[in-house]
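Read through the structure below, which is laid out as structure tokens, and then see the notes.
2 protein chains.
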Amino acid sequence: MGRAKEDAFLYEKIADELGEMIARGALRPGERLPSVRRMSEERGVSVATVVAAYQLLEHRGAAEPRPKSGHFVRARAGADTPVPTTARRAPAPTRVSIHADADDLIQVMLQARRGQVPLGCAYVATELLPLRKLNAILAQVAREGGGPGGEYADLRGSLQLRRQLARRAVRWGVALEPDELVTTLGATDALNLALASVTRPGDVIALESPTYFAFMRMLEHHGLRAIEIPTDPQTGLDLDALDDALRRAPVRAVLCSPNFQNPLGARMPDEQKERLVKMVARRGVALIEDDVYGDLAHDGSRPRAAKSFDRDGSVLLVGSMSKTLAPGYRVGWLAPGRWDEAVVRKKSAMTLACPTPTEMAVAELLDEGGYDRHLRRLRRAIADQCARYREAIARSFPEGTRVSRPQGGFVLWVELPQGTSGIALQAEALERGIAIAPGPIFSARQRFQSCIRISTGFPFSPRIERAIATLGKIAEELAPKRAA
Amino acid sequence: MGRAKEDAFLYEKIADELGEMIARGALRPGERLPSVRRMSEERGVSVATVVAAYQLLEHRGAAEPRPKSGHFVRARAGADTPVPTTARRAPAPTRVSIHADADDLIQVMLQARRGQVPLGCAYVATELLPLRKLNAILAQVAREGGGPGGEYADLRGSLQLRRQLARRAVRWGVALEPDELVTTLGATDALNLALASVTRPGDVIALESPTYFAFMRMLEHHGLRAIEIPTDPQTGLDLDALDDALRRAPVRAVLCSPNFQNPLGARMPDEQKERLVKMVARRGVALIEDDVYGDLAHDGSRPRAAKSFDRDGSVLLVGSMSKTLAPGYRVGWLAPGRWDEAVVRKKSAMTLACPTPTEMAVAELLDEGGYDRHLRRLRRAIADQCARYREAIARSFPEGTRVSRPQGGFVLWVELPQGTSGIALQAEALERGIAIAPGPIFSARQRFQSCIRISTGFPFSPRIERAIATLGKIAEELAPKRAA
Chain D
48 MGRAKEDAFL YEKIADELGE MIARGALRPG ERLPSVRRMS EERGVSVATV
98 VAAYQLLEHR GAAEPRPKSG HFVRARAGAD TPVPTTARRA PAPTRVSIHA
148 DADDLIQVML QARRGQVPLG CAYVATELLP LRKLNAILAQ VAREGGGPGG
198 EYADLRGSLQ LRRQLARRAV RWGVALEPDE LVTTLGATDA LNLALASVTR
248 PGDVIALESP TYFAFMRMLE HHGLRAIEIP TDPQTGLDLD ALDDALRRAP
298 VRAVLCSPNF QNPLGARMPD EQKERLVKMV ARRGVALIED DVYGDLAHDG
348 SRPRAAKSFD RDGSVLLVGS MSKTLAPGYR VGWLAPGRWD EAVVRKKSAM
398 TLACPTPTEM AVAELLDEGG YDRHLRRLRR AIADQCARYR EAIARSFPEG
448 TRVSRPQGGF VLWVELPQGT SGIALQAEAL ERGIAIAPGP IFSARQRFQS
498 CIRISTGFPF SPRIERAIAT LGKIAEELAP KRAA
Chain V
48 MGRAKEDAFL YEKIADELGE MIARGALRPG ERLPSVRRMS EERGVSVATV
98 VAAYQLLEHR GAAEPRPKSG HFVRARAGAD TPVPTTARRA PAPTRVSIHA
148 DADDLIQVML QARRGQVPLG CAYVATELLP LRKLNAILAQ VAREGGGPGG
198 EYADLRGSLQ LRRQLARRAV RWGVALEPDE LVTTLGATDA LNLALASVTR
248 PGDVIALESP TYFAFMRMLE HHGLRAIEIP TDPQTGLDLD ALDDALRRAP
298 VRAVLCSPNF QNPLGARMPD EQKERLVKMV ARRGVALIED DVYGDLAHDG
348 SRPRAAKSFD RDGSVLLVGS MSKTLAPGYR VGWLAPGRWD EAVVRKKSAM
398 TLACPTPTEM AVAELLDEGG YDRHLRRLRR AIADQCARYR EAIARSFPEG
448 TRVSRPQGGF VLWVELPQGT SGIALQAEAL ERGIAIAPGP IFSARQRFQS
498 CIRISTGFPF SPRIERAIAT LGKIAEELAP KRAA
């Protein structure tokens, strides 16, 4: 890095120190560097900063990571690892084993401290949610009769809630009976149930690329292999590439989000949804459709779910109220299609039952009908926020930066100038109290090194504007200087 | 069976019919019998009845089960399968693959219909729980400030709840900091987290025998192998047999309930708990301790947890409020010992976060201090119920019946006269609207054929007394007639 020591970033200073220790032989080739966690405790810096420092040493060819055992001093200097470019063809499936560093960075984000500027995790500001109303209903539900909670809920979950969801399903273009639904602890539980019911360890799952980092953790948890399918920022999953992958690899299931995919915000056109469903049905492959953002189209429309084209139960549809109503209520659901029996059995082993009070309250709210009014307000708010965040990024990020143009949801995918490290940007941002999500955690193969995801779930404000300006300045300084 | 057709049991009639079809060649050797589910729908009888009928055909040597593919007509008649007797030595580990029949019987029980006499699933009557108070607190929590649910809970769960649990842990003889606890969705979620963090597919888990049927479903879900350790109805796990098993098999974890084990109600003496913990620690084996019944000693004492002897974090302690406060709130916890980091990461992949309103309400209730007063009442009630149920069983069950004498909890383990089928008893009981749990579901190897578990969670009443008398009559008729 060409800059003088005194204005070096914290992660650079740590990398420089270690580099010198290596140079003068205080750290010998093959020797193990301190674990990221220990280093961050010893230096009193964030885990992200240590990860960035170690990665810089990698780029300089001074250190190398070894799966599950940390970083080691390298024998000889090597070239910079180039930033991968989007392949037109899907790579071969790899067993998902999240790089310890990526896992640390995810953990850092999930455990974001209060006070940080919340551009990391994808959730909307409480003030945009009808929490007061929902909690008032919860209070009323709790006071009525004996009140909830006295017995384990039905294995499938609250019938009252399933009735309301079956009614809403019409808006997704799906005809569902209450008994074709299973309630879950948010989408996370639903996705785990779906994966556990459809797959066996070692199976191959086709994923969007980039994909939601939590999907990869679930695949890792279930011992699955991933095949990453190129995904268009506007139209989503590349179906030709998927078709090609289905021919070449024994894919058991496709896991994707046709509506406002996280992190790209892509919306798959209906005719492509139909093609996707036919494609998997023809091959007996399961389609696990995550529709948690489906209610959040910026233009106010409600795109249909791919499930609406399902004729033989090939699609397992996942939804939740965490993005639109109350993250802390953990109310989600799964329409398991032809895996219904397997899912109900898995639920009895994995969850047994969901809490009744929260499910009853959400059912009541849906029944009272205020939900759609709320959705209209919420859609307008996030559409506006997305636009303002986008403008701010355009104003303050370095030339050559690209930003996604989502049609729904509330995350932005930012591609920094080639060679700019998203991980270093996260590290430096955290030192300044700003949380963001680095690109590599959205890929099982650590791709998207020079990308970041920015959540726009909070109303735009001077504080947010300053934070984005700061991010832009850091990115500017991180960007490799152009050759004269 | 020696009895005349007209007074035959429903399951016998179905078995007889099929037997005749086989005899006259309408069903050929090697031919597959209709699936249990299809048969139960076609005949409009319970799944349990069909399972019992098929089992009777097995006993008569007319049919044989094949793993995962159902029952088939047998080529030649065979002898009765003898009822297994308790082995002193633990058998070799077997991959847990719950027999489809057993799985059906568990499902039947979990989906017990309203109106059934509730002697099947293990939970206490709502009237014995402080639901009104708990729900009043929930209502109050929901009304305060912005109210709960606006954000995802901390990965570890509500700090307020973990503080209260850490305070209570003193009563279990355990010193815990709030940050040494993770909240979970009841004990089920806690046990799955523990298994996922400690084991890999194919690992061997040592279990009590008989053991709680849900444990086996979890082992099956995680692709684990079970080794069943003989267990004493009074003192629990046979530690010599366990020691022997630890020598012979690569056991990764021991999963047991030292306090008031389900289904035996055994209470392991403290010095044995200490020996158990030393035994696993010496070998680096994990001890997953399920303490959900620990607060329910009939004599009012609170036995310490095996975890109280843990010096190196070998013990993962599981607890929940489902048996003592509110099954429908699904509030449980896990003290992961030295697996803490792994458990927190697994939670972020498997559950992400638990609901906040229910955790806050339980924390408030513990803080207000009414919980111990409630526990005193509850202990007296279930001790009394257990005694009355026991007397009723002694009065009306056939000679030779044995009943456990639990020191805590609220389930009774009933050993019927040799050769009496617990599965047939469940089937006939269900036809009369009485739910019980058949013995074989408490073993990975279908042992305990002539046992049943009876839950005493509901206050003794004439209705319960009649139900027990009916069970006794059925058992009497099912018992093989003694040779003159």
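One line per chain: the protein sequences are D and V, in this order.
Add 47 to a position in the first sequence, counting from 1, and you land on the number used in the working numbering.
Add 47 to a position in the second sequence, counting from 1, and you land on the number used in the working numbering.
From the three backbone atoms N, C-alpha and C, an ideal C-beta is built for every residue, glycine too.
Rounded to the nearest angstrom, how far is the Cβ of residue i from that of residue j, given a contact under 8 Å?
{"i": "G375/D", "j": "Y376/V", "result": "So it is not a contact: roughly 15 Å between Cβ atoms."}
{"i": "D419/V", "j": "Q211/V", "result": "Going by Cβ atoms, the distance from D419/V to Q211/V rounds to 12 Å, so no, they are not a contact pair."}
{"i": "G347/V", "j": "R423/V", "result": "7 Å"}
{"i": "M156/V", "j": "A484/V", "result": "6 Å"}
{"i": "P487/V", "j": "R494/V", "result": "7 Å"}
{"i": "V217/V", "j": "D148/V", "result": "Not a contact, Cβ separation roughly 45 Å."}
{"i": "T282/V", "j": "A261/V", "result": "Not confirmed; about 23 Å, so no contact."}
{"i": "A189/D", "j": "L381/D", "result": "Incorrect: roughly 26 Å between the Cβ atoms, too far for contact."}
{"i": "R71/V", "j": "V120/V", "result": "About 12 Å separates the two Cβ atoms, so there is no contact after all."}
What residue range does the beta strand (DSSP E) around residue i cover?
{"i": "C433/V", "result": "No beta strand (DSSP E) contains C433/V, which is instead part of the alpha helix (DSSP H) from G417 to S443."}
{"i": "F119/V", "result": "G117 to V120"}
{"i": "P506/V", "result": "First-last for P506/V: undefined, no H or E at that position."}
{"i": "R272/D", "result": "R272 to D279"}
{"i": "R113/V", "result": "A110 to R113"}
{"i": "V458/V", "result": "V458 to E462"}
{"i": "S256/V", "result": "V251 to S256"}
{"i": "T230/D", "result": "V229 to L232"}
{"i": "I335/V", "result": "A333 to D337"}
{"i": "L364/V", "result": "V362 to S367"}
So which residues of chain V does residue i contact, with C-beta pairs closer than 7 Å?
{"i": "R200/D", "result": "The sequence shown places Ala at residue 200/D, not Arg. Neighbours of A200/D on chain V, chain order: G375."}
Applying the 10 Å Cβ sphere with the 16-neighbour rule, what's the burial state of residue i?
{"i": "I447/V", "result": "The residue asked about is misnamed: residue 447/V is Gly in this sequence, not Ile. Its Cβ having fewer than 16 others within 10 Å, G447/V is exposed."}
{"i": "V461/D", "result": "buried"}
{"i": "G49/D", "result": "With a pLDDT of only 45 at G49/D, under 50, the local geometry of the prediction cannot be trusted, and no value is derived from it."}
{"i": "S304/D", "result": "buried"}
{"i": "I61/D", "result": "buried"}
{"i": "R437/D", "result": "buried"}
{"i": "Q465/D", "result": "exposed"}
{"i": "A134/V", "result": "Note on A134/V: pLDDT 46, under 50, position unreliable in the model; the coordinate value appears next. Answer is exposed; the Cβ neighbour count stays below 16."}
{"i": "R99/D", "result": "Just to set this straight, residue 99/D is Ala in the shown sequence, not Arg. By the 10 Å Cβ count, A99/D comes out buried."}
{"i": "G455/V", "result": "buried"}
{"i": "E191/V", "result": "exposed"}
{"i": "E64/D", "result": "exposed"}
{"i": "Y58/D", "result": "buried"}
Should residue i be listed as close to the ligand ATP, given that the test is whether its C-beta is under 7 Å from any heavy atom?
{"i": "L232/V", "result": "Inclusion of the ligand ATP in the displayed structure is not the case, the ligand content being empty and no account of it being possible."}
Mind pulling the chain V residues with CB within less than 9 Å of residue i?
{"i": "P195/D", "result": "L178, N182, L185, A373, G375 and Y376"}
List the residues of chain D whose Cβ lies closer than 7 Å to the Cβ of residue i, in chain order.
{"i": "P487/V", "result": "What P487/V touches in chain D: nothing, since even the nearest Cβ is about 17 Å away."}
Which two residues bound the contiguous alpha helix (DSSP H) that contains residue i?
{"i": "R299/D", "result": "That residue, R299/D, is in no alpha helix (DSSP H); its beta strand (DSSP E) goes V298 to C303."}
{"i": "G469/D", "result": "G469 to E478"}
{"i": "G66/V", "result": "L57 to A70"}
Run through chain D and tell me which residues come within less than 8 Å of residue i, C-beta to C-beta.
{"i": "D150/V", "result": "R392"}
{"i": "P140/V", "result": "What P140/V touches in chain D: nothing, since even the nearest Cβ is about 19 Å away."}
Going along chain D, which residues have a C-beta under 9 Å from residue i?
{"i": "P248/V", "result": "P248 and G270"}
Under 8 Å between beta-carbons, which chain B residues line up against residue i? List them in chain order, please.
{"i": "R190/D", "result": "Within the model displayed, chain B is absent; protein chains D and V are what it includes."}
Under 8 Å between beta-carbons, which chain V residues line up against residue i? List them in chain order, please.
{"i": "C401/D", "result": "L232 and R377"}
If the cut-off is 8 Å on Cβ atoms, which residues from the segment 154-186 of chain D count as contacting chain V, listed in chain order? If you check each beta-carbon in the segment 154-186 of chain D against every beta-carbon of chain V, the ones closer than 8 Å belong to Q154, L157, Q158, C168, Y170, T173, L176, L178, R179, L181, N182, A183, L185 and A186.
Any residues in the segment 388-399 of chain D with a beta carbon nearer than 9 Å to a beta carbon of chain V? Which ones, in chain order? Against chain V - using a Cβ distance shorter than 9 Å - the residues of the segment 388-399 of chain D are E388, V391, R392, K393, S395, A396, M397, T398 and L399.
Going along the segment 254-276 of chain V in order, which residues come within less than 8 Å of chain D, judged by CB to CB distance? Listed by position, the residues of the segment 254-276 of chain V near chain D (Cβ gap below 8 Å) are A261, R264, M265, E267, H268 and G270.
Between the segment 495-508 of chain V and chain D, which residues of the former have a C-beta closer than 8 Å to a C-beta of the latter? Answer set for the segment 495-508 of chain V: empty.
Closer than 8 Å, Cβ to any Cβ of chain V: which residues of the segment 447-474 of chain D, in chain order? Listed in sequence order: no entries.
When Cβ atoms are compared, which residues of the segment 220-245 of chain V fall closer than 8 Å to chain D? Flagged, chain order: L232, G233, T235, D236, N239 and A243.
Could you run through the segment 403-419 of chain V and flag, in chain order, every residue whose CB is less than 9 Å away from some CB of chain D? Within the segment 403-419 of chain V, the residues whose Cβ lies closer than 9 Å to some Cβ of chain D are T403, P404, T405 and A408, listed in chain order.
Name, going along the chain, the residues of the segment 321-342 of chain V whose beta-carbon falls closer than 8 Å to a beta-carbon of chain D. Residues of the segment 321-342 of chain V with a C-beta atom less than 8 Å from some C-beta of chain D do not occur.
Anything in the segment 424-437 of chain V with a Cβ closer than 8 Å to a Cβ of chain D? List those residues in chain order, please. Result list empty, no residue passes.
At a CB distance below 9 Å, what residues from the segment 102-122 of chain D approach chain V? Give them in sequence order. Answer set for the segment 102-122 of chain D: empty.
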